[in-house]
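Asks: Below is the structure I would like to discuss, written out as structure tokens.
Residue numbers (the working numbering), protein chains in the order written: chain E, 1 to 542; chain X, 543 to 673.
In structure tokens, the structure reads:
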């Protein structure tokens with residue numbers, strides 16, 4: 001062990017400069033002057049426009065955030081069992097993970113699905129899988145979030161059909177689909193159709209839900225994955241807002257009123273990074289989104305401009321080295337999300353850098369959130385960091401940075417053009433490269449990775465989730481049984497109607513709902529749409 | 543470097559959409575002076591092996607984070623053997639548990655770079671193993 005040395009501070013030597021990830025220089029001390037110089041004091045109250053301090057007046061005192069761990073693996077039956085386990089442990093919402101075949105529009109027996117069935121999420125081929133997955137789940141009190149994008153229109157149709165069959169009134173049904181396809185082209189990559197047709201499908205879901213399922217949130221715009229792919233916190237929000245505006249513009253062009261759907265748009269945002277930068281980011285984002293909806297879109301209902309968000313994830317911040325450290329990282333993530341006024345949390349589990357989380361890892365994440373609620377006092381008062389000179393200054397500065405990013409996107413010709421040409425992808429990936437080089441050079445410090453490294457490798461204490469070939473075969477067998485048993489003529493008729501609607505550029509949601517009810521499969525419906533819309537060709541740009 | 547620039551193919555087989563790592567590796571290899579071809583997402587083993595053969599690349603690197611590396615590497619390896627490309631450098635990176643390293647090496651993927659590998663290590667591995 002090295003001796004402890006006392007170091008006398010050298011007052012003549014300047015302190016090291018600190019610049020946060022978004023590019024803002026951080027001072028050693030903040031005063032009221034800084035708040036004023038950065039744009040002034042925001043005296044608005046929570047629950048009032050522009051919602052800087054929170055979208056509700058009493059926030060967590062009224063109701064703590066929804067706890068919604070990301071879950072799903074193997075098949076519908078095993079996932080259903082895990083859902084019940086989590087609910088029994090106090091989880092208050094569901095957040096469903098689907099396997100890559102489902103996400104990319106392939107049936108479990110398609111050659112492209114080989115090796116992927118039930119691997120990173122639950123396999124879904126037809127409505128039957130949804131009936132099994134949500135069996136015994138009270139859909140009125142446990143809201144369900146579907147993490148699905150490329151095939152979101154199909155899975156939303158499936159969810160609504162399943163709920164209707166169970167006797168729920170779809171007009172009152174709550175729930176969320178991720179359904180943010182533009183970010184899939186930037187990061188995450190489960191696109192299917194070309195950009196324009198993909199955005200058309202998102203617009204179809206917004207329009208359909210506005211008319212038939214007005215409480216359902218058809219889109220959760222994700223800055224999350226863009227941040228994971230390399231964007232700074234301010235860019236994350238800037239890109240997310242540019243994307244949200246693109247969907248909004250398309251929905252308006254269908255003749256919808258802004259107040260008919262804007263309140264049902266939600267956001268999925270990343271949490272990892274500097275605590276203060278993150279809290280300021282969320283406060284600035286709430287304020288700026290409310291301004292966009294009120295000033296640019298002239299919404300009349302204040303809640304149309306609510307930035308409702310799920311936060312708590314930040315996979316990039318977790319490390320494969322010393323995986324137990326990820327438990328602490330998860331706890332800080334939850335703290336940041338609570339200080340930021342998140343509506344919903346889905347915490348990263350400590351074993352996520354390795355595998356699909358075990359029940360134990362999920363329980364630890366759940367308990368982390370519960371102890372913040374029960375023991376640490378995070379629900380006592382609204383926006384507890386509001387009024388801090390530092391946070392208020394940084395909130396003003398982060399908003400400026402968000403505006404800067406949105407302007408950059410506009411200068412590229414808008415988000416749809418910039419994504420189609422791979423411009424945003426190239427920019428985000430160049431950041432990721434710079435970040436990786438900074439990690440390797442030690443410029444960015446990462447505990448267990450480039451400092452406090454343990455030379456001797458510990459035995460891995462993480463339990464891995466192996467691929468289950470027998471499970472995949474079981475899924476394929478039940479799919480083939482379903483194909484044999486269902487009314488083939490009815491499926492044929494529904495798929496034909498779907499093709500006709502797609503060809504005529506009509507909203508395909510009614511046809512999808514009908515096809516889903518006839519037990520058409522995800523692959524069958526996707527293939528019809530691919531026939532009409534084509535497949536996306538990824539632009540390769542560095 | 544004498545003669546032609548050495549050519550590297552970085553490929554994303556299967557349905558896995560995680561491309562941050564693959565793209566970062568592409569940039570690092572370009573900075574190291576190589577000619578790099580990136581396939582983009584969602585490539586079949588057939589398409590990848592075909593590209594490797596048509597472009598006559600010196601290095602083939604697969605990036606897989608979905609956990610499906612064993613079946614995907616196996617299929618690609620068979621095709622690369624059919625195309626007589628066993629004298630090239632084969633790499634695989636991604637979410638790969640230590641216990642699979644041996645099986646991958648047996649298939650011919652001797653360079654295994656799990657998540658958290660250093661770019662500098664990947665570059666030096668390629669330098670040392672290219673003829």
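In this text, a Cβ means the ideal position worked out from N, Cα and C, and glycines have one as well.
(1) Can you pull the chain E residues whose beta carbon is under 9 Å from the beta carbon of residue 604 (chain X), in chain order?
(2) Measure the alpha-carbon distance for residue 2 (chain E) versus residue 445 (chain E) and round it to whole angstroms.
(3) Please identify the residue among E:315, E:290 and E:312 whose C-alpha is closest to the C-alpha of residue 303 (chain E).
(4) Looking at C-beta atoms only, is the number of pairs between the region 198-206 of chain E and the region 251-261 of chain E that lie closer than 8 Å three or more?
(5) Over the uninterrupted beta strand (DSSP E) stretch that includes residue 671 (chain X), give me the two end residues.
(6) If you measure beta-carbon to beta-carbon, which residues of the region 614-640 of chain X are closer than 7 Å to chain E?
(7) If you pair each beta-carbon of the region 7-24 of chain E with each one of the region 392-402 of chain E, do three or more pairs fall below 8 Å?
(8) Using the rule of at least 16 other Cβ atoms within 10 Å of the residue's Cβ for burial, across every protein chain shown, is residue 628 (chain X) buried or exposed?
(9) Residue 120 (chain E) versus chain C: which residues are under 8 Å apart at the beta carbon?
(10) How far does the alpha helix (DSSP H) with residue 113 (chain E) in it reach, from first residue to last?
(11) Under 8 Å between C-beta atoms, does residue 551 (chain E) make it to chain X?
(12) Can you tell me whether residue 244 (chain E) is helix, strand or coil according to DSSP?
(13) Along chain E, in chain order, which residues have C-beta atoms closer than 8 Å to that of residue 595 (chain X)?
(14) Evaluate the contact criterion for the region 159-166 of chain E versus the region 511-528 of chain E: three or more CB pairs, one atom per stretch, below 8 Å.
(15) With a threshold of 8 Å on Cβ separation, who are the neighbours of residue 543 (chain X) within its own chain once the five nearest residues in sequence on each side are excluded?
(16) Is any beta-carbon of chain E found at less than 8 Å from that of residue 580 (chain X)?
(17) Output, in sequence order along the chain, the residues in the region 641-664 of chain X whose CB is closer than 7 Å to any CB in chain E.
(18) By a C-beta neighbour count over all protein chains shown, 10 Å radius and 16 as the cutoff for buried, is residue 611 (chain X) buried or exposed?
(19) Along the chain, where does the alpha helix (DSSP H) containing residue 417 (chain E) start, and where does it finish?
(20) Out of curiosity, what's the CA-to-CA distance linking residue 384 (chain E) and residue 10 (chain E)?
(21) Count the other C-beta atoms from every protein chain shown that fall within 10 angstroms of the C-beta of residue 598 (chain X), then say buried if there are 16 or more, exposed otherwise.
(22) Give a yes or no on whether the minimum CB-CB distance between residue 565 (chain X) and chain E is below 8 Å.
(23) Residue 188 (chain E) versus chain X: which residues are under 7 Å apart at the beta carbon?
(24) Assuming residue 281 (chain E) is part of the alpha helix (DSSP H), what are its boundary residues?
(25) Of all the options E:373, E:416, E:423 and E:477, which has the alpha carbon lying nearest to the alpha carbon of residue 90 (chain E)?
(26) In the structure shown, what three-state DSSP assignment does residue 92 (chain E) receive?
(27) Could you check the C-alpha separation between residue 256 (chain E) and residue 308 (chain E) for me, to the nearest Å?
(28) Quick one: what's got a C-beta closer than 8 Å to residue 453 (chain E)'s C-beta in the same chain, skipping five residues either side?
(29) Kindly indicate the opening and closing residues of the alpha helix (DSSP H) around residue 354 (chain E).
(30) Quickly, what does DSSP pair residue 340 (chain E) with across the bridge? List them, please.
(31) Give me the DSSP bridge partner(s) of residue 122 (chain E).
(32) Rounding to the nearest angstrom, what Cα-Cα distance links residue 103 (chain E) and residue 149 (chain E) in this structure?
(33) Return the CA-CA distance between residue 440 (chain E) and residue 660 (chain X), expressed in angstroms with no decimal places.
(34) Ordered along the chain, which non-local residues of its own chain (more than five positions away) have a Cβ less than 7 Å from that of residue 645 (chain X)?
(35) Do the region 494-505 of chain E and the region 138-154 of chain E touch if we need at least three Cβ pairs shorter than 8 Å?
(36) Show which residues of chain E have a CB atom less than 8 Å away from the CB atom of residue 556 (chain X).
Replies: So, from the data block:
(1) Annotation: residue 604 (chain X) has no Cβ neighbours in chain E at a cutoff of 9 Å; minimum Cβ distance is about 13 Å.
(2) Bear in mind that the predicted position of residue 2 (chain E) carries a pLDDT of just 47, short of 50, making it unreliable; the figure below should be weighed with that in mind. Between the alpha carbons of residue 2 (chain E) and residue 445 (chain E) lies a gap of roughly 21 Å.
(3) E:290
(4) yes
(5) Unbroken run through residue 671 (chain X) is the alpha helix (DSSP H), 661-671; no beta strand (DSSP E).
(6) 614 and 639
(7) yes
(8) Burial call: exposed.
(9) Annotation note: the requested chain C is absent from the structure, which comprises protein chains E and X.
(10) According to the DSSP assignment, residue 113 (chain E) belongs to no alpha helix (DSSP H), since it is labelled neither H nor E.
(11) Nothing in the structure corresponds to residue 551 (chain E), since chain E is present only between 1 and 542.
(12) helix
(13) What residue 595 (chain X) touches in chain E: nothing, since even the nearest Cβ is about 19 Å away.
(14) Enough Cβ pairs lie closer than 8 Å, so yes.
(15) Because the pLDDT of residue 543 (chain X) is 47, which lies under 50, any placement of that residue in the model is unreliable, and the question is left without a value.
(16) Chain E, which has a Cβ nearer than 8 Å to the Cβ of residue 580 (chain X), makes this yes.
(17) 657, 658, 660, 661 and 662
(18) buried
(19) 415-420
(20) 35 Å
(21) exposed
(22) yes
(23) 559
(24) Counted as a single uninterrupted DSSP element, the alpha helix (DSSP H) harbouring residue 281 (chain E) occupies residues 275-291.
(25) E:373
(26) When secondary structure is reduced to three states using DSSP, residue 92 (chain E) falls in the coil class, being assigned neither helix nor strand.
(27) 21 Å
(28) Around residue 453 (chain E), the same chain offers 321 as residues with beta carbons nearer than 8 Å, after the five sequence neighbours per side are excluded.
(29) Careful: residue 354 (chain E) lies outside any alpha helix (DSSP H) and carries neither H nor E.
(30) Note: residue 340 (chain E) sits in no beta bridge, so no partner.
(31) Answer is E:98.
(32) 7 Å
(33) 7 Å
(34) 612
(35) no
(36) 100, 115 and 116
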